[in-house]
Amino acid sequence: MPLGALACEKCQALLYSEELARISTRANSLEEQDNLTQAREEWLKALPLLPPTSTQAEWIRGKVYKLELAAKHAPAHPKNEWAKKLGPLAPVAILLAKSKVLLTALFKLKFLLSLGAFMALYWSLYGAAFGVGFVLLIFVHEMGHYIDIRRRGLPADMPVFLPGLGAYVRWQALGVTRTTRAAVSLAGPLAGFLGAAVCAVMWYKTGSGVWAALASATAWLNILNLIPIWVLDGGQAANALSKTERFVLLASCLALWAITGNGLFFLVAGGVTYRLFTRDLPPMPSPKIAVYYVFVLAALGSVLYLIPTQGFGQQ
Ligand SMILES: [Zn+2]
C-alpha cells in the first residue's frame, strides 16, 4: 500500500475504520446532546481519514453542512430563556460558574440540600443567629419573586441556593412582557425590604444587635441587587424603563444618596447612568415600574438610614 493512502486500493477497506467508528460514535452522541457545533467539528476530523471521493466522505460533507445550518438556527444559549432570578449575593456566582457544566450540576441540587449548605457557610462566618436569619432573609427575597410569578399563573421552580453566592428562582420568561419581567424582578427586593423592616422592628423592640445587623445586611444587599446592570434584579427592572424614566430613576438615586449619605445609592446611580446609554429601550414606557423601582430603593434606604449599624456600607 502506498504511503499516505487512505484505503487499500484492492479491497477498498478503510485504513482508519476503528478511528472512524470512534469519531462517528462521539459525533452522534454530541448531536444527541444538541451540541451541534462540536458534533460538526468531530465529523470534520473524519474527513482527512477518508478518500475524498468515497461515499463516506461525501456523506460526512453533507452531514457537516446540515449541522452547520442547524447550529446557526438554534438559539446560541437556550438556557437564557430561563430568566435567572438572582439573590443579592449571586452576581459573582454566575461569573464564576459560567461553565455550563457547573451550572447544570448546581441546578440539580435539591432545594433543601442547597439551603443546608448555604446555611452552614454563614453559620461558620457569623454565628448561628445571624447565619440562620440571613439565609431566611435571602429566602424571603426569593419567595418575593416566586409568589409574584405564581400569582401571575406562570410556572416557577422553588429557589435554589448556591452556597456562599446567593440564590435564584428559575422561571419560564418566554413570551412575558418587559413590564411583567420587571415587576417580578422588583418583587424580590420588595420582599427583602419587608423582611428587613420586620428585623428593624424586632431590633427596636428587643434592642438586640443581631436584629440590627440582619436588617442592615438585608437592606444593603437588596439595594446592591437593584444596580441596573447585568442579570441583577435591577438590570431586569430597568429593561422596562424608557429614557425619561431612567433619568427619573437617576435623579431619585442621587437624591437618596444626598439624603442618606450612603454610597450604595451612588453605585446604583452609576448603573443607571450606564443604562442611559445602552440601546435597549423598550417600545413602551412603564411609569408604574419606575415608581415601583424608586419606592423599593427608598424603602430599603430608609431601613439603612434608621438602623445605626456600622460595617454594612454605612458609617
Ligand atoms: Zn432577586
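Note that the numbering used here has the sequence shown beginning at 4, numbered continuously upward. We put the beta carbon where it would ideally sit given N, CA and C, even for glycine.
Assumed close pair residue i, residue j - CB separation to whole angstroms, cut-off 8 Å
i	j	result
A185	I292	5 Å
G237	G274	7 Å
R29	E45	5 Å
L33	Q41	5 Å
V135	A218	At roughly 15 Å, the Cβ-Cβ gap does not stay under 8 Å, so V135 and A218 are not in contact.
L39	A73	5 Å
L309	A203	7 Å
Residue i in three-state terms, based on DSSP
i	result
D236	helix
G210	coil
G264	coil
L270	helix
S289	coil
V306	helix
N245	In the sequence on display, residue 245 carries Ser and not Asn. Coil.
I230	coil
R154	helix
Q36	coil
K101	The predicted position of K101 is uncertain, since its pLDDT is 44 and thus under 50; no value can be drawn from it.
V179	coil
Y19	coil
S57	coil
T281	coil
G130	coil
Ligand 2 heavy atom lying under 8 Å from the CB of residue i
i	result
P231	No copy of ligand 2 appears in this structure; the ligands present are ligand 1.
Below-9 Å beta-carbon distance, residue i vs any chain C residue
i	result
A215	Annotation note: the requested chain C is absent from the structure, which comprises a single protein chain.
Any 3 or more C-beta pairs closer than 8 Å across the segment 203-220 and the segment 254-267:
no
When the Cβ atoms of the segment 187-207 are set against those of the segment 143-161, are three or more pairs found closer than 8 Å?
yes
With three or more beta-carbon pairs closer than 8 Å as the criterion, would you say the segment 239-246 touches the segment 196-205?
no
Count Cβ pairs between the segment 286-300 and the segment 245-263 that sit closer than 8 Å; are there 3 or more?
yes
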